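Participant: Residue numbers (full-length UniProt numbering): 1 to 163. All C-beta atoms in this analysis are idealised placements derived from N, C-alpha and C, irrespective of residue type, glycine included. Here the structure is a predicted model, which means the values were calculated and not measured.
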């Protein structure tokens with residue numbers, strides 16, 4: 001039995017059918033993804049920005065387009081020429097998340113922004129091993145509040161090395 005709205009992927013089935021459903025689902029996914037490759041999730045980027053453009057005022061203007069959700073996704077931005085601030089790269093939580101500070105030395109000298117990447121912990125080794133290789137990042141700009149302090153934060157969606 002299926003249900004929910006157009007974007008829902010929910011269903012109900014007897015619990016005894018769950019192992020068979022799971023096995024068939026994995027076979028279907030495997031049949032659609034080439035062997036040895038991970039599925040690639042495309043990201044639609046609304047605009048490429050330099051860190052000098054990312055301000056609290058800019059974020060306030062972005063909030064005027066809310067509420068975000070189906071049919072009105074949050075704007076996705078990208079920036080290039082980014083480097084991790086030495087000593088800032090670290091894992092977060094048990095689920096493979098990533099926390100770091102990013103700088104854009106060529107385009108925005110002196111501007112440093114916090115970034116968090118949920119599910120992007122697999123990038124941690126490369127960020128630590130190749131600290132001088134610039135990356136491109138796509139992200140959603142947000143305000144983070146921690147211990148009474150409000151700071152701009154990039155919610156990273158993905159990274160790509162500029163080799």
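For residue 109, report the span of its beta strand (DSSP E) as first-last.
Facilitator: For this step, residue 109 is matched to residue 109 along the chain shown. Unbroken beta strand (DSSP E) run through residue 109: 108 to 117.
Participant: Starting from the Cα of residue 142, find the closest Cα among 114, 130, 125 and give me that residue.
Facilitator: Residue numbering aside, residue 142 sits at position 142 when the chain shown is read from its first letter. Measuring from the Cα of residue 142, the nearest candidate turns out to be 114.
Participant: By the DSSP assignment, the alpha helix (DSSP H) with residue 24 in it spans what residues?
Facilitator: Numbered from 1 along the chain shown, position 24 holds the residue referred to as residue 24. Unbroken alpha helix (DSSP H) run through residue 24: 18 to 32.
Participant: What is the rounded straight-line gap between the Cα of residue 110 and the Cα of residue 17?
Facilitator: Mapped onto the chain shown, residue 110 falls at position 110. Mapped onto the chain shown, residue 17 falls at position 17. Each residue's alpha carbon lies about 57 angstroms from the other.
Participant: Name the residue from 13, 156, 24, 14 whose alpha carbon lies nearest to the alpha carbon of residue 100.
Facilitator: As a first step, residue 100 must be located in the chain shown, where it is residue number 100. Looking at the Cα atoms, 156 is the closest of the given residues.
Participant: Under a Cβ-count criterion, where at least 16 other Cβ atoms within 10 Å of its own Cβ denotes burial, should residue 24 be classed as buried or exposed?
Facilitator: Here the question's residue 24 lines up with position 24 in the chain shown. With fewer than 16 Cβ atoms within 10 Å of its Cβ, residue 24 is classed as exposed.
Participant: Distance check for residue 98 and residue 124, CA to CA, integer angstroms please.
Facilitator: As a working mapping, residue 124 is identified with position 124 in the chain shown. As a working mapping, residue 98 is identified with position 98 in the chain shown. Near 7 angstroms, if we compare the C-alpha coordinates of residue 98 and residue 124.
Participant: So what does DSSP say about residue 151, is it helix, strand or coil?
Facilitator: Start at 1 with the first residue of the chain shown, and residue 151 comes out as number 151. Here residue 151 sits in strand by DSSP.
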